[in-house]
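K.L.:
I have a structure here, written as structure tokens, and I will follow up with some questions on it.
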Amino acid sequence: MGKLDKIALDKDSGEFLYHQLYNEIKELILNGELPPDTKLPTIRKLAEKLEVNNVTVVTAYNQLEADGFIYKKVGSGSFVKKLDKVEKSEEELEPSGIANFGSTAPTPNLFPVEEIKAAIDEVLDRDKANAFIYQESKGYTPLRKSLVSYLEKLGIGTGIDNIQIISGAQQGIDIISKAMVDYGDIVFTESPTYTGAIGVFNSRGARAIGIPIESDGIDVVELENKLKSFRPKFIYIMPNFQNPTGYSYSEKKKEKLLELASEYGFYIIEDDYLSDLHFNNRQNRTLKSMDKADRVIYIKSFSKLFMPGLRIAFMVVPSELYSGILSAKHISDISTPGLIQRAFDAYMRNGNWDENIKRINKVYDLRYRIMVKAVEELMPEEIEYILPEGGLNFWFKLPSGQSSNELYDYLLERNISIAPAMVFDLNGEDSECFRLSVTSIDSEDIRPFMERLTEGMKEFFKAGSKSKLTAEQYNRFL
Numbered sequence: 000m001g002k003l004d005k006i007a008l009d010k011d012s013g014e015f016l017y018h019q020l021y022n023e024i025k026e027l028i029l030n031g032e033l034p035p036d037t038k039l040p041t042i043r044k045l046a047e048k049l050e051v052n053n054v055t056v057v058t059a060y061n062q063l064e065a066d067g068f069i070y071k072k073v074g075s076g077s078f079v080k081k082l083d084k085v086e087k088s089e090e091e092l093e094p095s096g097i098a099n100f101g102s103t104a105p106t107p108n109l110f111p112v113e114e115i116k117a118a119i120d121e122v123l124d125r126d127k128a129n130a131f132i133y134q135e136s137k138g139y140t141p142l143r144k145s146l147v148s149y150l151e152k153l154g155i156g157t158g159i160d161n162i163q164i165i166s167g168a169q170q171g172i173d174i175i176s177k178a179m180v181d182y183g184d185i186v187f188t189e190s191p192t193y194t195g196a197i198g199v200f201n202s203r204g205a206r207a208i209g210i211p212i213e214s215d216g217i218d219v220v221e222l223e224n225k226l227k228s229f230r231p232k233f234i235y236i237m238p239n240f241q242n243p244t245g246y247s248y249s250e251k252k253k254e255k256l257l258e259l260a261s262e263y264g265f266y267i268i269e270d271d272y273l274s275d276l277h278f279n280n281r282q283n284r285t286l287k288s289m290d291k292a293d294r295v296i297y298i299k300s301f302s303k304l305f306m307p308g309l310r311i312a313f314m315v316v317p318s319e320l321y322s323g324i325l326s327a328k329h330i331s332d333i334s335t336p337g338l339i340q341r342a343f344d345a346y347m348r349n350g351n352w353d354e355n356i357k358r359i360n361k362v363y364d365l366r367y368r369i370m371v372k373a374v375e376e377l378m379p380e381e382i383e384y385i386l387p388e389g390g391l392n393f394w395f396k397l398p399s400g401q402s403s404n405e406l407y408d409y410l411l412e413r414n415i416s417i418a419p420a421m422v423f424d425l426n427g428e429d430s431e432c433f434r435l436s437v438t439s440i441d442s443e444d445i446r447p448f449m450e451r452l453t454e455g456m457k458e459f460f461k462a463g464s465k466s467k468l469t470a471e472q473y474n475r476f477l
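Take the sequence shown: its position 207, counting from 1, is numbered 206 in numbering that gives the first Met the number 0, and each next residue is one higher.
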């Protein structure tokens with residue numbers, strides 16, 4: 000098999016085998032060890048040699064073809080393309096490309112392509128055309144049963160009649176707001192908060208009031224003061240690895256928040272997207288698991304841990320709110336696509352979800368630790384920060400009077416992207432703060448990208464710039 004004999008795949012690395020194979024072959028092409036028009040081994044032969052299934056090789060070959068590294072001849076096989084035809088792809092894939100600390104979209108090499116393909120095939124073989132019919136608005140019943148078992152592992156006891164399948168966390172926030180909020184109603188959020196929630200509340204004409212978040216969670220003293228003057232329909236929070244700050248709530252603050260919800264009669268929307276992951280052996284107890292008075296509407300999205308384009312999530316809804324939320328879901332899109340629900344149910348029942356969590360936990364924990372070290376060693380001393388106990392988001396503060404919008408503009412000209420505070424502010428106002436995320440950056444790129452970013456920041460402090468950025472303009476870079 001010649002040069003391909005060098006290929007060795009690490010089945011314990013946490014990285015998908017097809018992506019390892021893709022990178023190995025790409026490297027052989029780029030360094031000239033596989034010249035143009037070299038014929039690659041057949042799928043079966045390479046799969047046997049590497050002791051992997053055929054789908055691994057097919058997926059790697061398809062990605063190489065899509066990125067311009069190889070071409071296929073019908074009936075003849077796969078061949079290496081000429082190098083001058085892949086120079087653009089090489090430039091895009093090398094660390095000299097954009098250092099994207101601004102996005103929270105997961106890197107595609109973490110997507111469980113082979114497993115979800117197998118789940119879809121299983122569903123199509125089993126259900127035939129039924130896989131494409133409308134599901135009931137509540138969601139596919141077997142999936143809701145699977146989620147009851149999943150929730151038990153998180154310490155959340157519920158029945159299928161309280162579970163609502165939704166098309167992503169964003170839709171969950173939207174249909175809750177449609178069911179509960181009228182024009183002019185008050186809602187509370189953390190400040191800063193998730194930009195998608197801001198958009199939903201604005202679209203409903205709600206009056207959103209921000210409560211400052213501290214390194215151990217929301218400022219409960221300020222929250223109680225506000226509750227004495229206002230009666231919010233709900234408060235929207237992320238108790239574990241909050242976006243954008245990365246902070247997690249202490250147990251004491253979680254308990255106090257639940258006490259206040261019972262005392263003042265408001266609901267809590269808990270947006271949970273990373274509690275499955277454990278950083279530094281930290282256990283991430285959900286607020287819903289502590290909710291004895293049924294005041295928490297729990298939203299769980301699988302986007303950051305799965306495949307964001309599939310848009311699969313669910314809610315655990317208090318019984319007295321369920322009918323209104325179900326009606327809002329039906330009006331929004333009738334139901335989440337049935338094929339996706341059935342495939343995800345098969346994926347969970349086959350044990351793939353638990354394996355996926357173990358695999359990406361290794362990857363994300365490594366990214367977190369690399370980022371922490373880089374921040375501690377490289378970040379200019381003028382920058383203030385409190386490192387989170389885990390997660391993928393990091394929150395920083397420039398010296399007083401500096402603009403994160405101006406920093407954003409300055410760095411973007413140098414192919415470095417950050418998320419300025421304006422995006423997470425209820426009024427879209429600029430401030431000294433900004434977020435860095437490592438969700439979209441592979442582990443090996445974090446350190447060199449941080450070196451570029453911190454050098455750019457030092458230059459910015461000397462030069463400065465003037466920004467005319469608006470929140471709408473920024474969103475296209477997320």
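Heads up, the beta-carbon is just placed ideally off N, CA and C, and yes, glycines get one too.
Go to Q120, then tell me how far its beta strand (DSSP E) extends in each direction, as first and last residue.
P.N.:
Sequence index remark: in the sequence shown, residue 120 carries index 121 (1-based). A small correction: the amino acid at residue 120 is Asp; Gln does not occupy that position in the sequence shown. Segment 112-126 is the alpha helix (DSSP H) holding D120; no beta strand (DSSP E) there.
K.L.:
According to DSSP, is L435 helix, strand or coil?
P.N.:
Residue numbering aside, residue 435 sits at position 436 when the sequence shown is read from its first letter. Looking at L435 - three-state DSSP - the assignment turns out to be strand.
K.L.:
DSSP beta-bridge partners for S77?
P.N.:
Counted from its first residue, the sequence shown places residue 77 at position 78. Beta-bridge pairing links S77 to K71.
K.L.:
Rounded C-beta distance between V122 and L338? I'm assuming under 8 Å.
P.N.:
The sequence position of residue 122 within the sequence shown is 123, counting from 1. The sequence position of residue 338 within the sequence shown is 339, counting from 1. Yes, V122 and L338 are in contact; Cβ-Cβ is about 7 Å, under 8 Å.
K.L.:
Once the 5 residues before and after P211 are set aside, which same chain residues still bring their CB inside 7 Å of it?
P.N.:
One-based indexing of the sequence shown puts residue 211 at position 212. If we look at P211 and ignore the five residues flanking it on each side, its Cβ neighbours are S190, D218, E221.
K.L.:
With a 10 Å radius around its C-beta and 16 neighbouring C-beta atoms as the bar for buried, classify P238 as buried or exposed.
P.N.:
Stepping through the sequence shown from its first residue, residue 238 is reached at position 239. P238 is buried by the Cβ-count criterion.
K.L.:
Identify whether K396 lies in helix, strand or coil by the three-state DSSP scheme.
P.N.:
For the purposes of this step, residue 396 is taken as the residue at position 397 of the sequence shown. If DSSP states are grouped into helix, strand and coil, K396 belongs with the strands.
K.L.:
Go ahead and label I115 buried or exposed: buried means 16 or more other beta carbons lie within 10 angstroms of its beta carbon, across all protein chains shown.
P.N.:
Within the sequence shown, the letter at position 116 stands for residue 115. Per the 10 Å Cβ criterion, buried.
K.L.:
Determine the extent of the beta strand (DSSP E) in which E269 is found, giving its start and end residues.
P.N.:
Taking the sequence shown and counting its residues from 1, one reaches residue 269 at position 270. Segment 266-271, the beta strand (DSSP E) holding E269.
K.L.:
Please state if the CB of G389 and the CB of R284 are separated by a distance shorter than 8 Å.
P.N.:
Against the sequence shown, residue 284 aligns to sequence position 285. Against the sequence shown, residue 389 aligns to sequence position 390. No.
K.L.:
Among the candidates I440, V73, T37, I159, whose CA atom is the shortest distance from the CA of V315?
P.N.:
As a position in the sequence shown, residue 315 is number 316, starting the count at 1. Out of I440, V73, T37, I159, I159 has the C-alpha closest to the C-alpha of V315.
K.L.:
Comparing alpha-carbon positions, which option in D184, T335, G216 lies nearest I208?
P.N.:
In the sequence shown, residue 208 corresponds to position 209, counting from 1. With distances taken between Cα atoms, I208 lies closest to D184.
K.L.:
Roughly how many whole angstroms lie between the Cα atoms of K467 and N392?
P.N.:
As a working note, residue 467 is residue 468 in the sequence shown. As a working note, residue 392 is residue 393 in the sequence shown. Confidence at K467 is low in this model, with a pLDDT of 49, below 50, so the placement of that residue should be treated as unreliable; the coordinate-derived value is given next. If you take the alpha carbons of K467 and N392, they lie about 25 Å apart.
K.L.:
Quick check on this structure: which residue in A420, A168, Y70 has the alpha carbon closest to the alpha carbon of G308?
P.N.:
Counted from its first residue, the sequence shown places residue 308 at position 309. It is A168.
K.L.:
In or out: E26 buried (at least 16 other Cβ within 10 Å) or exposed?
P.N.:
For this step, residue 26 is matched to residue 27 along the sequence shown. By the neighbour-count rule (16 or more Cβ atoms within 10 Å), E26 is not buried but exposed.
K.L.:
Going by C-alpha to C-alpha distance, which of E32, I162, K232, M306 sits closest to G264?
P.N.:
In the sequence shown, the residue the question calls residue 264 occupies position 265. Ranking the options by Cα distance to G264, first place goes to K232.
K.L.:
E135 by DSSP, collapsed to three states: which one?
P.N.:
One-based indexing of the sequence shown puts residue 135 at position 136. Residue state, collapsed to three classes: coil.
K.L.:
Count the other C-beta atoms from every protein chain shown that fall within 10 angstroms of the C-beta of K5, then say buried if there are 16 or more, exposed otherwise.
P.N.:
Here residue 5 is taken as the residue at index 6 of the sequence shown, counted from 1. Burial call: exposed.
K.L.:
Going along the chain, which residues of its own chain have a beta-carbon closer than 6 Å to the beta-carbon of P141, five neighbours each way excluded?
P.N.:
As a working note, residue 141 is residue 142 in the sequence shown. Here the set comprises D344.
K.L.:
Which two residues bound the contiguous alpha helix (DSSP H) that contains T188?
P.N.:
Taking the first residue of the sequence shown as 1, we reach residue 188 at position 189. First-last for T188: 185-190, but that is the beta strand (DSSP E), not the alpha helix (DSSP H).
K.L.:
For Q163, which residues in the same chain have their Cβ closer than 7 Å to its Cβ, ignoring the five residues on either side in sequence?
P.N.:
Here residue 163 corresponds to residue number 164 of the sequence shown, with the count starting at 1. Hits under 7 Å: K137, G138, F313, M314, V316, I324, L325, K328.
K.L.:
According to DSSP, simplified to helix, strand and coil, what is Y384?
P.N.:
Against the sequence shown, residue 384 aligns to sequence position 385. Of the three classes helix, strand and coil, the one that applies to Y384 here is strand, per DSSP.
K.L.:
Identify, in the order they occur along the chain, each residue of the same chain with its Cβ nearer than 6 Å to the Cβ of Q62, setting aside the five sequence neighbours on each side.
P.N.:
By 1-based counting over the sequence shown, the position of residue 62 is 63. Here the set comprises Y21.
K.L.:
Which of the three DSSP states is assigned to I236 in this structure?
P.N.:
What you label residue 236 is simply residue 237 of the sequence shown in a count that begins at 1. Strand.
K.L.:
Would you call the stretch 55-73 and the stretch 395-405 touching, i.e. three or more CB-CB distances under 8 Å?
P.N.:
No, because fewer than three Cβ pairs between the stretch 55-73 and the stretch 395-405 fall closer than 8 Å, the two stretches do not touch.
K.L.:
In angstroms with no decimal places, state the Cα-to-Cα distance between K71 and F78.
P.N.:
Start at 1 with the first residue of the sequence shown, and residue 71 comes out as number 72. Start at 1 with the first residue of the sequence shown, and residue 78 comes out as number 79. Distance between the alpha carbons of K71 and F78 is about 6 Å.
K.L.:
Note down the Cα distance separating D215 from T244, rounded to an integer number of angstroms.
P.N.:
Sequence index remark: in the sequence shown, residue 215 carries index 216 (1-based). Sequence index remark: in the sequence shown, residue 244 carries index 245 (1-based). One C-alpha to the other measures close to 11 Å.
K.L.:
Could you check whether E254 and I298 sit closer than 8 Å to each other, using their CB atoms as the reference points?
P.N.:
Residue 298 sits at position 299 when you count from the first residue of the sequence shown. Residue 254 sits at position 255 when you count from the first residue of the sequence shown. Taking 8 Å as the Cβ cut-off, I298 and E254 do not qualify as a contacting pair.
K.L.:
Give the DSSP bridge partners of M314, in chain order.
P.N.:
As a working mapping, residue 314 is identified with position 315 in the sequence shown. In DSSP, M314 forms a bridge with Q163, I298.
K.L.:
With I369 as the anchor, note down where its alpha helix (DSSP H) starts and where it stops.
P.N.:
The residue you call residue 369 lines up with position 370 of the sequence shown. Element bounds for I369: 351-377.
K.L.:
I need the straight-line Cα distance from G31 to Y367, nearest angstrom please.
P.N.:
Counting from one through the sequence shown, the residue named residue 31 turns up at place 32. Counting from one through the sequence shown, the residue named residue 367 turns up at place 368. C-alpha separation (whole angstroms): 34 Å.
K.L.:
Using DSSP's beta-bridge definition, name the partner residues of P419.
P.N.:
In the sequence shown, residue 419 corresponds to position 420, counting from 1. F433.
K.L.:
Name, in chain order, the residues that DSSP records as bridge partners for I210.
P.N.:
As a working mapping, residue 210 is identified with position 211 in the sequence shown. In DSSP, I210 forms a bridge with E189.
K.L.:
Three Cβ pairs or more, each shorter than 8 Å: is that satisfied between the stretch 413-421 and the stretch 99-110?
P.N.:
The stretch 413-421 is in contact with the stretch 99-110.
K.L.:
When the Cα atoms are used, what is the spatial distance from N426 to K2?
P.N.:
Counting from 1 along the sequence shown, the entry for residue 426 is found at position 427. Counting from 1 along the sequence shown, the entry for residue 2 is found at position 3. Near 58 Å, if we compare the C-alpha coordinates of K2 and N426.
K.L.:
Among residues of its own chain, excluding the 5 on either side of V199, which ones have a beta-carbon nearer than 7 Å to its beta-carbon?
P.N.:
By 1-based counting over the sequence shown, the position of residue 199 is 200. Taken in chain order, the residues that qualify are I172, D173, S176.
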